[in-house]
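Asker: One structure coming up, written as structure tokens, with questions to follow.
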DNA sequence: TATTGTTATACTCTATAACTATA
DNA sequence: TATAGTTATAGAGTATAACAATA
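Residue numbers (my numbering), protein chains in the order written: chain R, 1 to 132; chain D, 1001 to 1132.
Here it is in structure tokens:
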């Protein structure tokens, strides 16, 4: 428990620093990281970032003002706005990922077998089994 | 890397919820958790919470107003104020810890051997070797 | 001179509540 | 009626810069 807290603190600290080096807050960096997988509705973004939907407006506002994301109307539901990374946003998201050096180096220091083992153990601790 | 981010989210979310159930923010809860190990100077607290020293004033102010911590002058250096948990603060810190049920249950689900293995792997990834 | 804690300031994140436009 | 996004608001966290007291 203690060690988990320390490790996750290191990880979060490194992510915050990486985001800051691109002049982004941790929340903004996290939003870009999420959008790296593909566009998402404002509501979806709120759920993934585990914050109230009203907060997303401001976060996306600031990212959009810097040209890192854009809002696109949904074709199927006119209430929905999808947020997508711009080319500049993709570059920044990639840059943040690349700057997670300590964590990445630590992972690279493990053998494939050890990495797989860590993966399994972390999943068992943190990813709750989906009941029927 | 991806999984680490998920684990961090789960752990941090659970901690935030546990702190909120005691009407505390995550930062306040973290401060109590740190002080559980013993009193610390304002400056030390800032370093552990990885934030600027100026922020600690407000965080400790709010905790002190609720009677969870107290400021004590250092006997050896009159510039220093040590922050210590009150009895009430200890109770709240214990309550937060007890409410980290999902994480604790996940850890309890591992065998002693698996837990030891996880410990070793996490240390290798996150705790950098101290060079000479 | 350097360090500790504080204050003042500005920005961001956060939840709540109320609003609009759609469904 | 219910949902998606927005706005307004208030409280909290955050870094920066400047300050008084002490080392």
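C-beta atoms are modelled at their ideal positions from N, C-alpha and C, and glycine is treated no differently.
Does the region 75-88 of chain R come close enough to the region 1088-1105 of chain D that 3 or more CB-CB pairs lie under 8 Å?
Answerer: no
Asker: Can you give the Cα-Cα distance for residue 1041 of chain D and residue 16 of chain R, rounded to whole angstroms?
Answerer: The alpha-carbon of residue 1041 of chain D is positioned some 25 Å away from that of residue 16 of chain R.
Asker: Residue 30 of chain R to residue 50 of chain R, Cα distance in whole Å?
Answerer: 11 Å
Asker: Determine the chain R residues that contact residue 1072 of chain D at a beta-carbon separation under 7 Å, and present them in chain order.
Answerer: None at all; the shortest Cβ gap to chain R is about 26 Å.
Asker: Please confirm if residue 1010 of chain D has its CB atom under 8 Å from at least one CB of chain R.
Answerer: yes
Asker: Against chain D, does residue 45 of chain R count as a neighbour if the rule is that its beta carbon must be under 8 Å from one of theirs?
Answerer: no
Asker: Which value, in whole angstroms, describes the spacing of the CA atoms of residue 1132 of chain D and residue 10 of chain R?
Answerer: Residue placement at residue 1132 of chain D is flagged as unreliable, the pLDDT there being 39, under the threshold of 50; the coordinate-derived value follows with that caveat. In a straight line, the C-alpha of residue 1132 of chain D is about 22 Å away from that of residue 10 of chain R.
Asker: With a CB to CB cut of under 6 Å and the five nearest residues on each side skipped, what residues in its chain are close to residue 26 of chain R?
Answerer: 16 and 19
Asker: Alpha carbon to alpha carbon, what distance is there between residue 100 of chain R and residue 121 of chain R?
Answerer: One Cα belongs to residue 121 of chain R, the other to residue 100 of chain R, and the distance between them is close to 22 Å.
Asker: At what residues does the alpha helix (DSSP H) containing residue 43 of chain R begin and finish?
Answerer: 42-48
Asker: So with CB distances below 8 Å, who are the chain D contacts of residue 50 of chain R?
Answerer: 1009 and 1013
Asker: Assign residue 38 of chain R to one of two classes, buried (16 or more other C-beta atoms within 10 Å of its C-beta) or exposed (fewer than that).
Answerer: exposed
Asker: State the beta-bridge partners of residue 1085 of chain D as determined by DSSP.
Answerer: D:1069
Asker: Where residue 1033 of chain D and residue 1056 of chain D are concerned, what is the direct C-alpha to C-alpha distance, given to the nearest angstrom?
Answerer: About 15 Å.
Asker: Step through the CB atoms of chain D and report whether any lies within less than 8 Å of the CB of residue 64 of chain R.
Answerer: no
Asker: Please check if any C-beta of chain D sits within less than 8 Å of the C-beta of residue 132 of chain R.
Answerer: Only weak support is given to the placement of residue 132 of chain R: the predicted model assigns it a pLDDT of 39, under 50, and the value that follows is read from those uncertain coordinates. Taking Cβ atoms only, chain D never reaches closer than 8 Å to residue 132 of chain R, which makes this a no.
Asker: Rounded to whole angstroms, what is the Cα-Cα separation between residue 1113 of chain D and residue 1104 of chain D?
Answerer: Distance between the alpha carbons of residue 1113 of chain D and residue 1104 of chain D: 16 Å.
Asker: At least one CB of chain R closer than 8 Å to the CB of residue 1034 of chain D: is that the case?
Answerer: no
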